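Below is one structure; the comments refer to it alone.
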Amino acid sequence: MAEDVDSISELEEVPDDYVQGLFDLSGKRIAVTGAASGLGAAIAQGLAQAGANMILLDVDMDGLKRTERAIAKAGGVAGSWMCDVTASESIESAYLAICEQGSSPEVLVNSAGTAFRCAAEEFPEADFDRVLDLNLKGTFLASQVFGRAMLEAGYGSIINIASIGGFRAYPLASAYLASKGGVVQLTKALALEWGPRGVRVNAIGPTLMHSALTRKVSATSSVTSDFIRSRMIVDRLGLPRQLIGSAIFLAGSASELVNGHTLMCDDGYLIA
Ligand SMILES: NC(=O)c1ccc[n+]([C@@H]2O[C@H](COP(=O)([O-])OP(=O)(O)OC[C@H]3O[C@@H](n4cnc5c(N)ncnc54)[C@H](O)[C@@H]3O)[C@@H](O)[C@H]2O)c1
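Oh and the sequence shown: position 27 is 27 in the working numbering, straight run, nothing missing.
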């Protein structure tokens, strides 16, 4: 039933402590996939600084422990779970283990991902599958497992990590571009189905970032990064911590009316 527009007075009084609450994640349980490295590790540390209890997920336990130690050192709370997001059984069992130690997470950040550089005509089928499986299917499967409990609770926020590659093409990256275009659309698809039931689904679209992944793929060929950098309006890579503000915004009530959106953290890349 549509809200009666006449029921809103001309001046809606904003409570004194309203703004403080918009970005406060105190006590929220937030799961991050790909939390062992790069963007996921930085976002997890940032969300912990905003007060959240962090649930760190990855296939790399050493890396997870590194992130966990960094959060603990800063006075935050975090636990680590092995979880392969390409396999629903692995996500399910991590999810059950998480729930044995507390309530179901209210927020999920899908940061697990990979890239592979190769000319389209030579792209090995197995590598195409690997990129799509992790970046697109992994995002879907983790959202499905964690999203079900959010739907039951009637509240939740899912944040996918998309990319400028979800909107612009660059060479040697056919699988990656297809996967990130898919993530942008998947974000809208889930937002449409789940928004009316209280679960918002958004994405962050970073520019080319400083990370282990960028170093690894750039070592095989600089063609892709040279192409991207030549089109930047400012020639610089982003730092993982520069995504934290957007993650805090999308995780909490500050973004209450934001759903199905990809928030570009692209240093203006899509303008040009
Ligand atoms: N680095 C960039 O320039 C950039 C730009 C835009 C978007 N992104 C996206 O950000 C996300 C993170 O990238 P990053 O640069 O931090 O990479 P990264 O390699 O530093 O981190 C990726 C993490 O995912 C984990 N992972 C790999 N396979 C997994 C699996 N099956 N299950 C669970 N975890 C798994 C890895 O162990 C690693 O910790 C990716 O989705 C990537 O596409 C990166």
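Ideal Cβ positions, reconstructed from N, Cα and C, are used throughout, including at glycine.
No experiment lies behind these values; they were computed from the predicted model shown.
Exercise for the section: Taking 5 Å as the limit, tell me which residues put their C-beta closer than that to any heavy atom of ligand 1, in chain order. Expected result: Gly34, Ala36, Ser37, Gly38, Leu39, Asp58, Val59, Asp60, Asp84, Val85, Thr86, Ser111, Ala112, Gly113, Ile161, Ser163, Pro206, Leu208, Met209, Ser211, Ala212, Leu213 and Thr214
Practice task
Tell me the start and end of each unbroken beta strand (DSSP E) in the stretch 79-128 that is at least 3 residues and wholly inside, in chain order.
Solution key: 107-110
Practice task
Let me know the secondary structure DSSP gives Ser253 once reduced to three states.
Solution key: helix
Practice task
Just list the alpha helix (DSSP H) runs in the stretch 16-76, keeping only unbroken ones of 4 residues or longer that don't cross its boundaries, in chain order.
Solution key: 18-22, 38-49 and 61-73
Exercise for the section: Check Asn259 in the structure and name its three-state DSSP category. Expected result: coil
Practice task
Please say whether Ala70 and Gln45 have beta carbons closer to each other than 7 Å?
Solution key: yes
Exercise for the section: Pair every Cβ in the stretch 153-164 with every Cβ in the stretch 184-197, then say whether three or more of these pairs are closer than 8 Å. Expected result: yes
Problem - Counted within 10 angstroms of its Cβ, other Cβ atoms place Thr220 as buried (16 or more) or exposed - result: exposed
Handout entry: Leu263 classed as buried or exposed, judged by whether at least 16 other C-beta atoms fall within 10 angstroms
Key = buried
Handout entry: Delimiting residues of the alpha helix (DSSP H) encompassing Ser9
Key = Looking at the DSSP string, Ser9 is not in any alpha helix (DSSP H), and its letter there is neither H nor E.
Exercise for the section: Go to Ser163, then tell me how far its beta strand (DSSP E) extends in each direction, as first and last residue. Expected result: First-last for Ser163: undefined, no H or E at that position.
Exercise for the section: Would you verify that the beta carbon of Gly245 is, or is not, closer than 7 Å to some beta carbon of chain B? Expected result: Among the protein chains of the structure shown there is no chain B, as only one such chain exists.
Practice task
Let me know the secondary structure DSSP gives Arg231 once reduced to three states.
Solution key: coil
Handout entry: Coil, strand or helix - Gly154 by DSSP
Key = coil
Exercise for the section: Determine the DSSP secondary structure at Gly181, reduced to helix, strand or coil. Expected result: It is helical.
Exercise for the section: Have a look at the DSSP bridge pairing and note the partners of Val201. Expected result: Ile158
Practice task
Please classify Ser179: is it buried, with 16 or more other beta-carbons within 10 angstroms of its beta-carbon, or exposed?
Solution key: Ser179 counts as buried, since at least 16 other C-beta atoms from the protein chains shown sit within 10 angstroms of its C-beta.
Practice task
Measure how close the beta-carbons of Asn53 and Val77 come, nearest whole angstrom, since I'm counting them as under 8 Å.
Solution key: The C-beta distance from Asn53 to Val77 rounds to 5 Å, short enough to meet the 8 Å contact threshold.
Handout entry: Simplified DSSP state of Ala212, which is helix, strand or coil
Key = helix
Practice task
Could you check the C-alpha separation between Asp267 and Arg229 for me, to the nearest Å?
Solution key: 12 Å
Practice task
Give every residue of the same chain whose Cβ lies closer than 7 Å to the Cβ of Leu172, excluding the five residues on either side of it in the sequence, and list them in chain order.
Solution key: The beta carbon of Leu172 sits closer than 7 Å to those of Arg117, Cys118, Ala119, Ser221, Val223 and Thr224, all from its chain and outside the five residues before and after it, given in chain order.
Practice task
Give me the Cα-Cα distance between Ala153 and Arg168, rounded to the nearest whole angstrom.
Solution key: 37 Å
Handout entry: Local Cβ density within 10 Å of Ser255, reported as buried at 16 or more and exposed below that
Key = It is buried - the Cβ of Ser255 has at least 16 other Cβ atoms within 10 Å.
Problem - CB-CB length for Phe128 against Ala175, believed under 8 Å - result: 5 Å
Problem - Rounded separation between Ala36 and Leu11 - CA only - result: 47 Å
Practice task
Please classify Gly238: is it buried, with 16 or more other beta-carbons within 10 angstroms of its beta-carbon, or exposed?
Solution key: buried
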